[in-house]
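Peer 1: Here the protein sequences come in this chain order: G, W, Z and D. Per the working numbering: the first sequence = residues 14 to 402. Per the working numbering: the second sequence = residues 14 to 402. Per the working numbering: the third sequence = residues 92 to 385. Per the working numbering: the fourth sequence = residues 92 to 385. A virtual CB, placed ideally from N, CA and C, is assigned to each residue, including glycine. Since we're looking at a predicted model, the values are computed, not measured.
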Amino acid sequence: MNLMEYQGKELFARVGIAVPRGRHCATAEDVARFIAANPGEWVVKAQVLVGGRGKAGGIKFASTPEEGRARANEILGLVIKNRQNPQGETVKSLLVEERLPIAKEAYCAITVDRATKKPAVMVSPFGGMDIEEVAEQHPESIAKFFVDTAIGYSPFIGRELAFTSKLDEGYRKAFPGVVAGIYDLFFRYGAKLVEINPLVLTRDGRVFASDAKVELDDDALFRNPEFAQWQKSLPLDEDETLAAAAGLGIRNFRRFDGLVGTMANGAGLAMATMDAVDNAGGKIANFLDIGGGANAELVRNCYELVVNHTNAKSFFINIFGGITRGDEVARGIVQALRETTSRKIPMVIRLTGNNEAEGRRILAQAGMTPVETMDEGAAAAVKLAGAAK
Amino acid sequence: MNLMEYQGKELFARVGIAVPRGRHCATAEDVARFIAANPGEWVVKAQVLVGGRGKAGGIKFASTPEEGRARANEILGLVIKNRQNPQGETVKSLLVEERLPIAKEAYCAITVDRATKKPAVMVSPFGGMDIEEVAEQHPESIAKFFVDTAIGYSPFIGRELAFTSKLDEGYRKAFPGVVAGIYDLFFRYGAKLVEINPLVLTRDGRVFASDAKVELDDDALFRNPEFAQWQKSLPLDEDETLAAAAGLGIRNFRRFDGLVGTMANGAGLAMATMDAVDNAGGKIANFLDIGGGANAELVRNCYELVVNHTNAKSFFINIFGGITRGDEVARGIVQALRETTSRKIPMVIRLTGNNEAEGRRILAQAGMTPVETMDEGAAAAVKLAGAAK
Amino acid sequence: MSIFLDKNSKVIVQGITGAEGSYHTGRMLDYGTQIVGGVTPGKGGQTTGRGLPVFDTVKQAVEATGATHTCIFVPPPFVADALFEAYEAGIGMAVCITEGVPVHDVLRVVGATAGMRIIGPNCPGLISPGKASVGIMPGHVFQEGSVGVMSRSGTLTYEVVDLLTRAGMGQSTCVGVGGDPIIGTTFVDCLREFANDSQTKALVLCGEIGGSDEEEAAAFIAAHLAAMPIVAFIGGRNAPPGKSLGHAGAIISGAFGTPQSKIAAFQEAGVPVADRPSEIPRLLAQRLRETGVD
Amino acid sequence: MSIFLDKNSKVIVQGITGAEGSYHTGRMLDYGTQIVGGVTPGKGGQTTGRGLPVFDTVKQAVEATGATHTCIFVPPPFVADALFEAYEAGIGMAVCITEGVPVHDVLRVVGATAGMRIIGPNCPGLISPGKASVGIMPGHVFQEGSVGVMSRSGTLTYEVVDLLTRAGMGQSTCVGVGGDPIIGTTFVDCLREFANDSQTKALVLCGEIGGSDEEEAAAFIAAHLAAMPIVAFIGGRNAPPGKSLGHAGAIISGAFGTPQSKIAAFQEAGVPVADRPSEIPRLLAQRLRETGVD
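(1) Give the range of the beta strand (DSSP E) segment to which L180 of chain W is assigned.
(2) Should I99 of chain Z be labelled buried (16 or more other beta-carbon atoms within 10 Å of its own) or exposed?
(3) With a cut-off of 9 Å, does the C-beta of A171 of chain D fall near any C-beta of chain G?
(4) Measure the alpha-carbon distance for A286 of chain Z versus F333 of chain G and round it to whole angstroms.
(5) Please confirm whether any heavy atom of the ligand NAD lies closer than 8 Å to the CB of T246 of chain Z.
(6) Strictly by DSSP, which residues pair up with T124 of chain W?
(7) Could you name the residues of the same chain whose beta carbon sits closer than 8 Å to that of L336 of chain D, not counting the 5 residues immediately before and after it, in chain order?
(8) DSSP three-state call for I155 of chain G: helix, strand or coil?
(9) For chain D, find out if any of its Cβ atoms is closer than 9 Å to the Cβ of P138 of chain G; answer yes or no.
(10) Residues of the segment 355-370 of chain W in Cβ contact with chain D at a cutoff of 9 Å, in chain order, please.
(11) Give me whichever residues DSSP pairs with G35 of chain W in a beta bridge.
(12) Note down the Cα distance separating A394 of chain G from G335 of chain G, rounded to an integer number of angstroms.
(13) List the residues of chain W that A185 of chain Z touches, going by C-beta distances under 8 Å, in chain order.
(14) Is the CB of T108 of chain Z under 9 Å away from at least one CB in chain G?
(15) Just reading off the alpha helix (DSSP H) that M287 of chain W is part of, what are its end residues?
(16) Taking the Cβ atom as the reference point for each residue, do K58 of chain G and L89 of chain G lie within a distance shorter than 9 Å?
(17) Check whether the Cβ atoms of P320 of chain Z and T382 of chain Z sit closer than 9 Å, and answer yes or no.
(18) Expressed to the nearest angstrom, what Euclidean distance is found between the alpha-carbon atoms of G261 of chain Z and V207 of chain G?
(19) On the DSSP letters alone, give me the boundaries of the alpha helix (DSSP H) that I354 of chain Z sits inside.
(20) Any Cβ of chain W within less than 9 Å of the Cβ of G202 of chain Z?
(21) Could you spell out the range, first to last residue, of the alpha helix (DSSP H) harbouring V192 of chain W?
(22) Starting from the N-terminal side, write out each stretch of the beta strand (DSSP E) that is 3 residues or longer and does not extend beyond the segment 105-164 of chain D.
(23) Is there a Cβ from chain G that is less than 9 Å from the Cβ of S335 of chain Z?
(24) Name the residues in the segment 269-284 of chain G whose C-beta lies less than 8 Å from a C-beta of chain Z; which are they?
(25) Identify which residue in W:A233, W:D126, W:K179 and W:R127 has its Cα closest to the Cα of P152 of chain W.
(26) Contact criterion: CB-CB distance below 9 Å. Does E176 of chain D meet it with respect to chain G?
(27) Let me know if K186 of chain G comes out buried or exposed under the rule of 16 or more other beta-carbons within 10 Å of its beta-carbon.
(28) Alpha carbon to alpha carbon, how far is P368 of chain Z from T353 of chain G?
(29) Quick check on D217 of chain G: buried or exposed, where buried means 16 or more other Cβ atoms within 10 Å of its Cβ?
(30) Report all residues from its chain with a CB closer than 6 Å to the CB of T365 of chain W; omit the five preceding and five following residues, and keep chain order.
(31) Using a Cβ-Cβ distance cut-off of 9 Å, determine whether K150 of chain Z contacts chain W.
(32) Can you list the residues of chain G that I273 of chain Z reaches, using a CB-CB cut of under 9 Å?
(33) For L91 of chain G, name the three-state secondary structure that DSSP assigns.
(34) Just the C-alpha distance for E305 of chain D and E299 of chain D, rounded to the nearest angstrom, thanks.
(35) For chain D, find out if any of its Cβ atoms is closer than 9 Å to the Cβ of R236 of chain W; answer yes or no.
(36) Short of 6 Å in beta carbon distance, which residues of its chain neighbour I218 of chain Z, apart from the five on each side in sequence? Order them along the chain.
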């Protein structure tokens, strides 16, 4: 789960990372009222998950309640898009925040590193810009530390990162506390990424997290029931909403513009199934990973999801039983076809692995014959969709 | 720092260990008022650090405000003694606590184990009695687990201890949480010992810490400034009070009934110095470890402490310079003799090790000649005290 | 031989009385695996439907059975505890099937259990065909032989193995390393073991987009396994790009993770990359002929 | 040889610019120790009065000097951090002089720094006479020779060594293990090293009341060092009993800790126990004659 800036900053405050004074506002009136009560220089920031809001006009300054109202009205309702999210995201709320007298901007983040199997902390004195650009242009400026979890965070880590990355001296006193904070947040709230970009050093020597990017581990949300409320308030795109409604993980379903519907168990097999349709000269209508241990009801939901919400003209179901049992899937398919009131499209079923025999018996009883291989199934589905490239 | 039961239980509550409902009361009137407002069956318990209060009449039952007042008046002002504290401790406050319907009593503790260099958790189904007796009579009943601090507490530890010690099944659900709590307390507040004896299982299946023994690490108190207040409220015996006033650790000074005053740097040397006086046929007036890195002012305070507050007729000062520099000690001795208005007693000084030459020069200038060896010094001091056995 | 698992491995199942645990215990037994018991706290002393003893703690199970391996089916919140318990009881190999384990739990466990090998979590397990299976792999598609297989995906592994078996290429050991961000045993860890295994003459590696495991495996192969016939496959070349807020992950791993980067790394290491699973047997046969192993 | 420390040991000082650190660095240099630099964060690039380079981090110090040992003089709240930093920088031996370190910090450090030897905390350090000294021991009382010395007390060590030196019995290495409840290196850890040291022909062990280090050392000697001439001393036989609330400590260590228990354990292991420090040289000479080492 990705958090909005204002949510990330709430967590920052809890772990002792200084954030600018501010208020989360849902309306332009809230913004005006807040500025009226707190005279000063303010920044009005669009609260969206999509990146690049600054260039898209989602960040503006205001010194008076009137300016605040005007800027808020300009930003609220904006649709902010980027390459990763071409549909875009509508701005529904704002963060009004103290405008900082910036002296320096740095970068600081923690994430997981698969290779070392450790949390990795990264620091660069080049903040306020895209870290991928920094990595290209100033690779030597990025200091990394892979934390031994048996030790945990210890202040020398912050010192070493500050010295190695040649962070401005003004940061040095506060910096170990900032790294302590993101490490604490990372474990306490189960984050997969915590990124502060920029970490601002003000002209009067204070250090603030001026932005907050936090990705929480969905698998760890059960430990913090308070996040359920946040989760509900976060924008899901259409595919994610459909996936959730069907009982799938929000990343288990995505639509494309082809005509061959697909469903497989396991992300690897689902991706290979897409590749197989592509290899057979077809175009997929969707990616759908039904996951492990799927039961008949979920299979039926997935059938309806593909049939009712994609352009699919044929449906290739590719199941290799492991923890997902072949008989359960077969039962789900038969039940789906029997119970559904949705349109019916031609199906190609490939079913093998654990409980394959029982699964095939159930399909045979219902008058369906599965194919033998994935390539064969993909070719048949492409043909049935009448959708050769 | 040893905590009173009510203080230990406050920490228990913070780490999620269930404790009986209750109130800490300073007067019999408080007790009566509390019981009047909370009708029921209550236990009135003396709050002292010394063990064995039950046998000494420090724990009584009360069902009415009048009984509460009467029992409180009986207990307040009692002097409770044991072998370790023959002076005894006067009861100054009480804990009034819900009387539990006890089904079973168990024992549970955590401490540090020098041999494995790990925290050690101990559990026995024999609770409410002296654990040393249990160790003698039912050694097989005591289960121990040495915790890998790189892992920390994990619930299997509680399960394993419960199964190994054959704890009553009624404890099993709550027990891993109790061990989690004492482990958390141990690290969070820097305890050297946390002991729950008894851990009560009530007839209706609840589990409570019915007593609390907590020893905090004095070296870790700086991390929890709130404890400074508690520390002030704890009873110090006379020796501890004198030591603290002189600027020594409260365990660095203790009086005995002999006539040879002693002072040395380092606990090991101070103990060896006592042994040397004993070997020379004398009896020591005190134990005094001046610690490492002692400065001239502390030396003077220690001189006055021994001269004014013990029966010493001679004074053996035994310094082997390491982190304590010989010249500093010599300066302190000379200054003490010059400035003090206290009585003067014959001194034997042994000064060697780091900065020995400079130290001897300072003593020589002041007309003092140090002895060469510890045995020699002890013999001279015993002779000067005129106190051969 | 085979790696990680053989006929002599004594296996316990943590969570043996749960639905998944009990079902797959039966399948493992059917495959011939030496399952010696299971653990479910509070059910110690019971016997499973298949006649296996149930213990309250892993320690008791190890003391009673001499277990060397554990297979973990407990729900996600209890996985870290189960792994720590196995570690403290002296288990040498833990296969963790459970999906949905918090990544921080895995970080903590991996960082504090040096000496115990962990496969997974979120993996199908481990099989040394003809000897033993620990996990949930469908045994009947496997056949004993000399090809080592490692894969990040469960079902894709079965797909690939099925093709190998149909092509007459049996397997020494197949390892499903797992799909989570942090796993106990990576491709490189597997390669180190396969390199020293006398039974393994060739390797198939099924990677995926994302992360840098494949690039690191390619570098290891170039340095230490240049003579071994190896074929790779990269799943997800048509997968949608993930939505992510920050880019720290890509920077940490040196901007790896694209299919292009992975394919290039393998080709540089002399490892042919199959376009689709069904090409793997043919490419491997070709490499075996080229290197004279076959 | 000698144990833990010799002429080739390259030593840095953490906290080198503090009062204690700078004073004792001078004394260590005077003794001939190869001090190669020091660490004080924020003072990197400076040079000490004795011409040593100061670094901001231990990592920089190790990279620049090849340091193998560190001597820690930082104040108690910063000791755990200093030890972790030394460990991560690849230091193999850390001598921690600081007194008053929270026992939990030591537990955490010892539990997570396998492979780095820690002496102390709250110890006088380590000296291999004629070669090098790390810590605060008064060098002039030591003399090179073949007696290994280990002690829980600082000043008592000097006392005992002074007596040995006066009796013509030089020392191979003297280790002040430290007086805290948890220490990095116990008597048994020292005995393991002394057992394999060619220079060490005899041992003196200065124990104290409390804990069970002496009992464990006696058991180790009985099992592995029966042929070595060894003399023990137990300090504090006339010490007052400690006030303690609970008794868990005594139970954990099996109710050890009394002087009687320690003396009995040594006598059972064939180790004579001196009544007073001044007896040690005579008893050791006797054991050397008896065992034919001398």
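Peer 2: With the given structure in hand:
(1) L180 of chain W: not part of any beta strand (DSSP E); DSSP gives it neither H nor E.
(2) Sequence inspection shows Asn at residue 99 of chain Z; the Ile mentioned does not correspond to that position. By the neighbour-count rule (16 or more Cβ atoms within 10 Å), N99 of chain Z is not buried but exposed.
(3) Answer yes: the Cβ-Cβ gap between A171 of chain D and chain G drops below 9 Å somewhere.
(4) Those two C-alpha atoms are separated by around 29 Å.
(5) Ligands are entirely absent from the displayed structure, and the ligand NAD is therefore not among its contents.
(6) T124 of chain W pairs with W:A133 and W:L206.
(7) Low local confidence applies: a pLDDT of 47 at L336 of chain D is under 50, so the model's placement there is unreliable, and no value is given.
(8) In the structure shown, I155 of chain G sits in coil (DSSP, three-state: anything other than H, G, I, E or B).
(9) At a cut-off of 9 Å between beta-carbon atoms, P138 of chain G makes no contact with chain D.
(10) Within the segment 355-370 of chain W, the residues whose Cβ lies closer than 9 Å to some Cβ of chain D are T365, G366, N367, N368 and E369, listed in chain order.
(11) Partner(s): W:E110.
(12) C-alpha of A394 of chain G to C-alpha of G335 of chain G: approximately 24 Å in a straight line.
(13) The CB of A185 of chain Z never comes closer than 8 Å to any CB in chain W; the least such distance is about 13 Å.
(14) Not one chain G Cβ lies under 9 Å of T108 of chain Z.
(15) Taken as a continuous stretch (DSSP letters only), the alpha helix (DSSP H) holding M287 of chain W covers A280 to N292.
(16) In this structure, K58 of chain G keeps its C-beta atom at 9 Å or more from the C-beta atom of L89 of chain G.
(17) Cβ distance < 9 Å, so P320 of chain Z and T382 of chain Z count as in contact.
(18) Each residue's Cα considered, the two are about 45 Å apart.
(19) Note, I354 of chain Z: alpha helix (DSSP H), P350 to E359.
(20) Yes, its Cβ sits closer than 9 Å to a Cβ of chain W.
(21) Following the DSSP letters along the chain, one finds V192 of chain W inside the alpha helix (DSSP H) bounded by residues F188 to R201.
(22) Entirely contained in the segment 105-164 of chain D, the beta strand (DSSP E) runs reaching 3 residues are, in chain order, 126-130 and 160-163.
(23) A caution first: S335 of chain Z carries a pLDDT of 48, below 50, which makes its placement in the model unreliable, though a value can still be read off. With 9 Å as the cut-off, S335 of chain Z counts as an interface residue toward chain G.
(24) Considering only beta carbons, the part of the segment 269-284 of chain G lying closer than 8 Å to chain Z consists of F269, A277, N278, G279, A280, G281, L282 and M284, in chain order.
(25) The option with the nearest alpha carbon to P152 of chain W is W:K179.
(26) With 9 Å as the cut-off, E176 of chain D counts as an interface residue toward chain G.
(27) Within 10 angstroms of the beta-carbon of K186 of chain G lie fewer than 16 other beta-carbons, which makes it exposed.
(28) Each residue's Cα considered, the two are about 34 Å apart.
(29) Classification for D217 of chain G: exposed.
(30) Within the same chain, F333 come within 6 Å of T365 of chain W by CB-CB distance, once the 5 residues on both sides are set aside.
(31) By this cut-off, K150 of chain Z is an interface position.
(32) V125, D126, R127, K130 and K131, listed in chain order.
(33) Residue state, collapsed to three classes: coil.
(34) So the two alpha carbons sit approximately 8 Å from each other.
(35) For R236 of chain W, the answer is yes, since a Cβ of chain D falls inside 9 Å of its Cβ.
(36) Hits under 6 Å: S224, M228, F233 and C265.
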